[in-house]
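Student:
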Amino acid sequence: MRIITGSAGGIPIAVPRTVLRPTADRVREAVFSILGDRVEDASVLDLFAGSGSYGLECLSRGARRAVFVESDRSSCSVISQNLAKARLSGGTVAGAPVESWLKRAGAEKFDLIFADPPYAKQRGDRDWNAVLLGSAELASLLASDGLFILESFAKGGQVVPPGSPWRAVDERRYGDSLLVFYQLPSADAPAPDTAAV
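Letter by letter, the sequence shown follows residues 2 to 198 of the numbering used here.
In structure tokens, the structure reads:
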């Protein structure tokens, strides 16, 4: 894995041993092609950060700030190492479970929120899609014109729970990965460019 472009473009990203399914370069490249200039000067939240690939890419492309939320200590250490290796400033690593971090996150707003939780592939696996899309705390963190990008297992799909405020504005499938781009109803910014990528 590598940072695709920007100030740290081409620099390899270390992946923690605990990360079994890092987001492929081609998937991230497609996501950032869709986002375009939304990344520049953005405040970014990277949930279930793993190696930090989404947040690192944002910082490399000119994001103002990125918060990496990850419960695994070794992953937090790797994210910090990746930030140092890429010489990227503006990154903060929060070592905490996502749900508990969301409950105490405060009033800060983020322009871009990424979440790449463990895939629910078998009966009994936790449905993180439902947890996140039903989280009032998460919704409160998105800026009025922001985007929430949720990656999940393509075969499972993503179902917005009844009463959830999220509105899907774009959806892409890449192999086993499904990426859905969400906004809140109050958002008056244009949806991302949905031309084929």
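Positions of the beta carbon are idealized from the N, C-alpha and C atoms, including for glycine.
(1) Is the CB-CB distance between G51 and A67 below 8 Å?
(2) In angstroms with no decimal places, state the Cα-to-Cα distance between L74 and G96.
(3) On the premise that L134 lies in contact with W102, defined as a C-beta separation below 8 Å, what is that separation, rounded to the nearest angstrom?
(4) If the criterion is Cβ atoms closer than 8 Å, does the pair V161 and Q184 meet it?
(5) Give me the Cβ distance between I4 and E58, rounded to the nearest whole Å; I'm assuming they're in contact under 8 Å.
(6) Does the beta-carbon distance from L179 to G158 come in below 8 Å?
(7) Going by the DSSP bridge assignment, what does G96 pair with across the sheet?
(8) Excluding five sequence neighbours on each side, which residues of the same chain lie with their C-beta closer than 6 Å to the C-beta of V181?
(9) Are the region 35-52 and the region 107-123 in contact at 8 Å, needing three or more beta carbon pairs?
(10) Please say whether G91 and L60 have beta carbons closer to each other than 8 Å?
(11) Could you check how far apart the C-beta atoms of R65 and Y175 are, in whole angstroms? I think they sit under 8 Å.
(12) Out of curiosity, what's the CA-to-CA distance linking I14 and R62?
(13) With Y175 as the anchor, note down where its alpha helix (DSSP H) starts and where it stops.
(14) Alpha carbon to alpha carbon, what distance is there between R88 and R127?
(15) In angstroms with no decimal places, state the Cα-to-Cα distance between S76 and V16.
(16) Looking at the C-beta of E109, does it have a partner C-beta in chain D at a distance below 8 Å?
Tutor: In brief:
(1) Here residue 51 refers to the residue found at position 50 of the sequence shown. Here residue 67 refers to the residue found at position 66 of the sequence shown. No, these two residues do not count as a Cβ contact at 8 Å.
(2) Numbered from its first residue, the sequence shown carries residue 74 at position 73. Numbered from its first residue, the sequence shown carries residue 96 at position 95. Strictly speaking, residue 74 in this sequence is Arg, with Leu absent from that position. Roughly 7 Å separates the two Cα atoms.
(3) The residue you call residue 102 lines up with position 101 of the sequence shown. The residue you call residue 134 lines up with position 133 of the sequence shown. About 17 Å; that fails the 8 Å criterion.
(4) Sequence index remark: in the sequence shown, residue 161 carries index 160 (1-based). Sequence index remark: in the sequence shown, residue 184 carries index 183 (1-based). Remark: C-beta atoms of V161 and Q184 do not approach each other more closely than 8 Å.
(5) Your numbering for residue 4 matches position 3 in the sequence shown. Your numbering for residue 58 matches position 57 in the sequence shown. About 6 Å separates the Cβ atoms of I4 and E58, confirming a contact at the 8 Å cut-off.
(6) The residue given as residue 179 occupies position 178 in the sequence shown. The residue given as residue 158 occupies position 157 in the sequence shown. It is a contact, given that the beta carbons lie within the stated cut-off.
(7) By one-based count along the sequence shown, residue 96 stands at place 95. Partner(s): E71.
(8) Stepping through the sequence shown from its first residue, residue 181 is reached at position 180. If we look at V181 and ignore the five residues flanking it on each side, its Cβ neighbours are L151, Q159, A169, E172.
(9) Yes, the region 35-52 is in contact with the region 107-123.
(10) Against the sequence shown, residue 60 aligns to sequence position 59. Against the sequence shown, residue 91 aligns to sequence position 90. Yes, the Cβ-Cβ distance between L60 and G91 is below 8 Å.
(11) If you number the sequence shown from 1, residue 65 lands on position 64. If you number the sequence shown from 1, residue 175 lands on position 174. Rounded, the Cβ-Cβ distance is 28 Å, inconsistent with contact.
(12) Position 13 of the sequence shown, counted from the start, is the residue given in the question as residue 14. Position 61 of the sequence shown, counted from the start, is the residue given in the question as residue 62. Here the C-alpha atom of I14 lies approximately 15 Å from the C-alpha atom of R62.
(13) Indexing the sequence shown from 1 puts residue 175 at position 174. Note, Y175: premise wrong, no alpha helix (DSSP H); beta strand (DSSP E) at 168-175.
(14) Here residue 127 refers to the residue found at position 126 of the sequence shown. Here residue 88 refers to the residue found at position 87 of the sequence shown. So the two alpha carbons sit approximately 36 Å from each other.
(15) By 1-based counting over the sequence shown, the position of residue 76 is 75. By 1-based counting over the sequence shown, the position of residue 16 is 15. A straight line joining the alpha-carbon of S76 with that of V16 spans about 8 Å.
(16) No chain D appears in this structure, which consists of one protein chain only.
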